[in-house]
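To start, the structure itself, in structure tokens.
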Amino acid sequence: WIGEPLFGGIANYYNESHLGLVRYRPDKRRLFNEERYIDNTESTDVTARADTRNEIDFPIKAGDFNIVPYAVARPGYWDGAYKGGAGARMFGSAGVRTGTQFWRLYEDVVSELFDVNGVRHVVRPEATGWISSTNRPSRELHPFDEGIETIDDFHGSSLALRQKWQTKRGGPGNWTVVDWIRFDAELNVFGDAPEGLGPIGRYYDSRPENSIARSHVRTDFMYRISDTTAILSDTNFDLNDGDMDLFNISYAVERTPRLSYFIGYRRIHDTRSHLVGFGANYELTSKYRTAVRTYYDLERSKVEQFDISLIRKWPRWYTALTFGLDNIDENISLSFSMWPEGAPQMAIGDGRRLAGLAESTGIRPED
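Residue numbering for the sequence shown follows the numbering used here, starting at 2 and increasing by one per position.
In structure tokens:
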């Protein structure tokens with residue numbers, strides 16, 4: 002349930018529930034487990050699990066500001082916990098989100114070279130603060146699903162300034178408003194963070210408990226050169242160790258509805274990686290699409306990763322066949338994935354990562 006109104010519209014209710022059987026088999030590779038430095042070498046038998054997340058929001062309009070206090074309750078039960086035997090968990094969180102928006106129009110800013118015909122500058126300040134508590138840390142549970150067993154009771158706050166500069170393009174009779182430049186900056190600070198976190202912090206506004214609780218400053222930039230071409234960049238500066246942990250910049254092109262490609266550079270501080278990447282998505286027919294991704298490490302002078310996927314559309318299903326070459330772990334793989342239309346979370350295999358390609362050949366920022 003998403004945003005169900007309660008009490009005549011005073012509050013909104015959100016619910017996500019899971020009931021079923023799960024089993025954990027550890028990856029033989031011991032580098033990372035999702036975003037966490039965890040060496041989960043223990044397997045499980047089939048485990049019965051019940052979990053339900055319930056959130057109530059109370060939106061308040063105070064002048065130009067939107068203020069949303071909220072509370073979360075998440076009980077769960079497993080008939081086999083990490084240390085053996087049955088176990089229950091209660092997770093609770095409470096916080097407040099606030100934000101506003103204002104803008105200014107500059108009609109006299111015109112440039113034929115940059116295809117700019119007036120500029121509208123939109124500014125959105127946002128702030129969030131929350132606390133949480135649980136009776137069972139994530140390390141006592143097997144990580145069956147990211148965002149369920151992996152949550153912990155840290156607290157934190159986030160300050161964000163989101164800006165975009167819009168302009169008109171297309172010419173008389175065909176004017177459309179486009180986001181010409183976008184620049185977002187976030188300051189995310191966490192307290193009482195659990196041990197064993199991954200090296201790069203991340204904050205998720207819709208579910209703060211899913212965040213990777215390393216304090217950081219994050220930026221996200223987009224410059225749209227034309228309707229089909231854009232420059233994308235994002236950075237992550239870690240406040241814990243004072244390093245620029247992540248820097249990405251990409252040149253992305255969508256020349257036709259059938260073809261998209263990008264070339265980019267990625268620097269990852271913790272692995273001392275300097276990667277040049279290339280990717281392309283192409284619609285072969287109305288039923289088949291293909292995607293290619295490769296990364297070359299300038300520091301180590303070798304191809305670190307190469308993937309090519311073939312996606313097939315069925316009446317209500319999608320399937321994908323992926324060939325992968327991973328020189329980090331010295332693996333060659335051939336994998337099969339499938340997922341129902343409109344429900345990539347029910348994927349078997351690597352369907353969640355490939356689900357976006359089933360609907361569009363467009364290059365996504367996370368690529």
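Glycine included, C-beta positions come from ideal geometry on N, C-alpha and C.
From a predicted model like this one, the values you see are computed outputs, not experimental measurements.
Short Cβ contact (7 Å threshold) for residue i with residue j
i, j, result
"GLN164", "VAL124", "yes"
"ASN241", "SER274", "no"
"GLY119", "GLU108", "yes"
"ASP180", "HIS156", "no"
"TYR15", "GLU56", "yes"
"SER338", "GLY325", "no"
"THR99", "ASP65", "no"
"GLY130", "SER158", "yes"
"PHE184", "PHE222", "yes"
"ILE201", "ASN249", "no"
"GLU305", "ASN282", "no"
"PRO341", "TRP318", "yes"
Classification of residue i by the beta-carbon crowding that lies within 10 angstroms, buried from 16 upward
i, result
"ARG290", "buried"
"ASP239", "buried"
"ASP46", "exposed"
"SER302", "exposed"
"LEU299", "exposed"
"SER287", "exposed"
"THR323", "buried"
"GLU210", "buried"
"LEU355", "buried"
"ASP52", "buried"
"GLU367", "Because GLU367 carries a pLDDT of 49, less than 50, the predicted location of this residue cannot be relied on, and no value is offered for it."
"ASN332", "exposed"
"GLY10", "exposed"
"THR151", "buried"
"LEU114", "exposed"
Range covered by the beta strand (DSSP E) that runs through residue i
i, result
"MET339", "332-341"
"TRP176", "No beta strand (DSSP E) holds TRP176; DSSP gives it neither H nor E."
"THR286", "Counting along the chain, THR286 falls outside any beta strand (DSSP E), and DSSP gives it neither H nor E."
"PRO6", "5-7"
"ASN241", "Unbroken run through ASN241: none, as it is neither H nor E."
"HIS122", "117-135"
"VAL47", "Counting along the chain, VAL47 falls outside any beta strand (DSSP E), and DSSP gives it neither H nor E."
Cβ separation of residue i and residue j, assumed to be a contact under 8 Å, to the nearest whole Å
i, j, result
"VAL277", "TYR266", "6 Å"
"GLU187", "ARG219", "5 Å"
"ILE269", "LEU247", "6 Å"
"GLY1", "ARG294", "Lying before the first or after the last residue shown, residue 1 is absent from the chain, which here runs from 2 to 368."
"GLY321", "ILE309", "First, the amino acid is wrong: residue 321 is Ala here, not Gly. The pair is not a contact, with the Cβ atoms about 11 Å apart (cut-off 8 Å)."
"SER227", "ASP116", "7 Å"
"VAL69", "PHE59", "7 Å"
"TYR78", "ALA63", "Not a contact, Cβ separation roughly 40 Å."
*Would you call the segment 175-189 and the segment 140-154 in contact, with 3 or more CB pairs under 8 Å?*
By the Cβ criterion, the segment 175-189 is not in contact with the segment 140-154, since fewer than three pairs of Cβ atoms, one from each stretch, lie closer than 8 Å.
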